[in-house]
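Protein chains in written order, with the working numbering: chain Y, 813 to 962; chain B, 813 to 962; chain D, 813 to 962; chain U, 813 to 962.
Number of protein chains: 4
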Amino acid sequence: MQTRQTAGFQWPVRVYWEDTDAGGIVFYANYLKFFERARTEWLRSLGIEQRCLKDSTGGLFVVAETSIRYHRPARLDDELIVTASLIEKGRASLTIKQQALLKTEQQTTGNADVQAATLLCEGTIRIGWVNASSLQPERIPAAILGSLKT
Amino acid sequence: MQTRQTAGFQWPVRVYWEDTDAGGIVFYANYLKFFERARTEWLRSLGIEQRCLKDSTGGLFVVAETSIRYHRPARLDDELIVTASLIEKGRASLTIKQQALLKTEQQTTGNADVQAATLLCEGTIRIGWVNASSLQPERIPAAILGSLKT
Amino acid sequence: MQTRQTAGFQWPVRVYWEDTDAGGIVFYANYLKFFERARTEWLRSLGIEQRCLKDSTGGLFVVAETSIRYHRPARLDDELIVTASLIEKGRASLTIKQQALLKTEQQTTGNADVQAATLLCEGTIRIGWVNASSLQPERIPAAILGSLKT
Amino acid sequence: MQTRQTAGFQWPVRVYWEDTDAGGIVFYANYLKFFERARTEWLRSLGIEQRCLKDSTGGLFVVAETSIRYHRPARLDDELIVTASLIEKGRASLTIKQQALLKTEQQTTGNADVQAATLLCEGTIRIGWVNASSLQPERIPAAILGSLKT
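The structure is reproduced here in C-alpha cells:
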C-alpha cells in the first residue's frame, strides 16, 4: 500500500451516492470533478474567483489536457483529500499536479496533521486561458499570473 | 407489475455506468436528466432548437417545478423509453407529463410496436420561460407557443 | 425577495463548474444531489453511516417520491445552505423537507448566525427502505427509527 | 481546422443541458462519460453485456489510466461521433483509443458516409479487469479476449 506525503493545496471531498456507480466505487469521470473543485478552491485561496474573473476579464480557464492514473478505488462515505500543486506556469496555460488520497482514521482534520494517506488517483491537468466568447486561446491576465507561484 | 400504454413523444435512453450508483440502480437525480433529454428531443421534433432559440430570442426555458414518483429501479444496460406529453400550455410556462418505462424484450424498436412497458418513474415538470440575462420570467414567444399543441 | 428562517439540519454546499449548465445556472437535477448530500450528512450526524448500514443490515434507503419547487437560480461560486428536516416517520418510509438557500454576505459560518437567507429551491423527499438485493420494500430497522425524531 | 478519417467503432452522442457548464461548453469530465458510452456499445456490438458479465464471471472492467487532449469545445445541441478502437490487448488490461468528433452538416447519419469531422477531444483509456468483490486485478476471461481483435 502506497503512502505519500501530501503537498501543496489540500481540499477535503466526501464521497456521496452521486459519485459512485454500480461497481460500488467512484465512477472514473468523477475524480475530474473532485480535481476541478480542488483547483477552484486553490484559486480562491489566492483571491481568484472565477465567476468574477469571467465578468471582469471576459476570459476563463478551460482544460486542455489531462493525464490520470487510477491506483485504488474510493467507495461511498470515504473521505478524500484532494491536492493541487502548480508545476508549470506558461503565458497561456498552467499545469497542475493533482492527487486524490484516502484519509485514514488516524488523521485529524487539521492540515498540519495530514501526513500520510493512501493514494487513490493522481494526474496532471493543463488548463489554458481562453476568451469567453470566442473560446480562442489568449494570454493569462497579468494579475492572475502575479498571484500564482510554482 | 404495471404495464402501460405509452403516449405522446417517445425517446429511447440506455442506462450506462454513469447513471447508476453503488446501490446498483439508477441514481434518482438522473431520471431528471433522462426527462430533460426527452423534452429537448420533443421540442426538436417540433422544430425548436434551444441553442438557436437562446441566440435568437435571448430567452430560455428553466424548470420551475417537478413532482416525481419512483416506482421501480432501472439498472445498468437497461433500455428505457422516456415520454413527454404537453398537458398544460400557459403564457409563461408549460407543464409536461413524463414517464420512464422499461423496454421489454418483446418490443421492437419501431414506435408503432411499443405498446406496453413497465413503468419505472413518472412525473410532471413545469418549465417557465425566462430572459437569459436577467433570468426573470417572461412570456413564451408566440412562435414557440404556435408550434405546441396540448 | 423571500427570506426565511432556516431550521433543522444544515449543510453547506458550494456551486462548482460541474453543477452549472450553459444557461449559467445550476442544472435542475443537481439540486437533488445537494439534497442527497444533506440527507446523508443529517443521517451521519445521527450516527447512521449508509455504507456500514448496507453491509450490516442488507438494506438501503431509496427515493420513492420528490416534489420540488425552483424559486431562484444558483450560479457558479455561490455558497448554499442545504437543510433537511424529518417531517414524517413511517415504518417503511421517511419524509424529509429540504431547502437550498443562498448564503448572504452578512452571514458568518457558524450555524447560530445563519438566520436569514434567500430561498432558491425547496421540496419534500420521501425515502423508503428496501432490501439491497431484491430492492423490495421492507420495514426500516428499529435501530434506525430509534435514532430519528421528527 | 483539423478534419480526420474516423475509424473503428462509432457511436453518436448528442450534447444536452446536463453535459454543459456555465462556460457554455461541455464540461471536461463529461467527455469521459461519452467515451464510456462508446466503449460499452463497442463491447455490446461484440456480444459483451457488462451487467451479465458481472453476474456470470464476478468480474468487471475498471479504468486504470486515461490520457486526454481537448482540442475544441462542444456546445449544447451539438451532435458528436464518439469512436473506440482497441489498440492493445493484454492479459489483464485493454488500451482503447477514443475520439469525440463534431458531426458536420454535410454528413448523413449512415456510418458509410461519415468521412470527415472536426476533432474535439481524443485520448487513450486503459481498462483493467478486476474481481467485483475484492477489486483486485485478475486476468481477463478467455471468452472476452476471444471476442476482441485489435
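Just so you know, even glycine gets a beta-carbon here, dropped at the ideal spot from N, CA and C.
- Rounded to the nearest whole angstrom, the C-alpha separation of residue 876(U) and residue 881(Y) is 6 Å.
- Taking 8 Å as the cut-off, the beta carbon of residue 936(D) is found closer than this to the beta carbon of residue 908(D).
- If you compare the alpha carbons of 869(Y), 959(Y), 931(Y) with that of residue 942(Y), the shortest gap goes to 869(Y).
- Below the 8 Å Cβ cutoff, chain U contributes 876, 877 as neighbours of residue 881(Y), in chain order.
- Taking the beta carbon of residue 836(Y) as reference, the chain B residues within 7 Å of it are 834, listed in sequence order.
- Per the Cβ contact rule, the stretch 817-835 of chain B is in contact with the stretch 830-849 of chain Y (3 or more Cβ pairs under 8 Å).
- Just so you know, the alpha carbons of residue 860(B) and residue 954(B) end up roughly 12 Å apart.
- At a Cβ-Cβ threshold of 8 Å, residue 825(Y) and residue 885(Y) do not count as neighbours.
- The beta carbons of residue 822(D) and residue 899(D) sit no closer together than 8 Å.
- Straight across, the Cα-Cα distance linking residue 901(B) with residue 932(B) is about 26 Å.
- Here residue 910(Y) carries a strand assignment [DSSP, helix/strand/coil].
- Judged by their CB atoms, residue 916(Y) and residue 929(Y) are nearer to each other than the 8 Å cut-off.
- Here residue 949(B) has 904, 940, 942 as same chain residues with Cβ atoms under 6 Å from its own Cβ, once five neighbours each way along the sequence are excluded.
- Spanning the alpha carbons of residue 842(B) and residue 841(D) requires a straight line of approximately 7 Å.
- For residue 839(D), the chain U residues whose Cβ falls inside 8 Å of its Cβ are 829, 830, in order along the chain.
- Residue environment analysis places residue 958(D) among the exposed positions, since fewer than 16 neighbouring C-beta atoms fall within 10 angstroms of its C-beta.
- Within the stretch 847-919 of chain Y, the complete alpha helix (DSSP H) segments at least 4 residues long are 862-869, listed from N- to C-terminus.
- Taking 8 Å as the cut-off, the Cβ atoms of residue 863(B) and residue 889(U) count as close.
- Think of a sphere of 9 Å around the beta carbon of residue 889(B): the chain U residues whose beta carbon falls inside it are 852, 856, 861, 862, 863, 864, in chain order.
- Contact between residue 855(U) and residue 944(U) does not hold, since the beta-carbon distance rounds to 16 Å and is not under 8 Å.
- Closer than 8 Å to the CB of residue 909(U) there is not a single CB belonging to chain Y.
- No Cβ of chain B is located within less than 8 Å of the beta carbon of residue 915(U).
- Residue range 929-943 is occupied by the beta strand (DSSP E) that includes residue 931(B).
- Boundaries for residue 839(D): no beta strand (DSSP E) harbours it, and the DSSP string shows neither H nor E there.
- When 7 Å is used as the limit between beta carbons, residue 845(D) is near these residues of chain B: 841, in chain order.
- Distance from the CA of residue 858(B) to the CA of residue 820(U), rounded to the nearest whole angstrom, comes to 34 Å.
- Around the beta-carbon of residue 849(Y), 16 or more other beta-carbon atoms lie within 10 Å, marking it buried.
- From the listed residues 847(Y), 906(Y), 874(Y), 913(Y), the smallest Cα separation to residue 891(Y) is found for 913(Y).
- Around residue 849(B), the beta-carbon contacts reaching into chain U at under 7 Å are 828.
- At a beta-carbon threshold of 8 Å, none of the residues of chain Y lie near residue 953(U); the nearest stands roughly 17 Å away.
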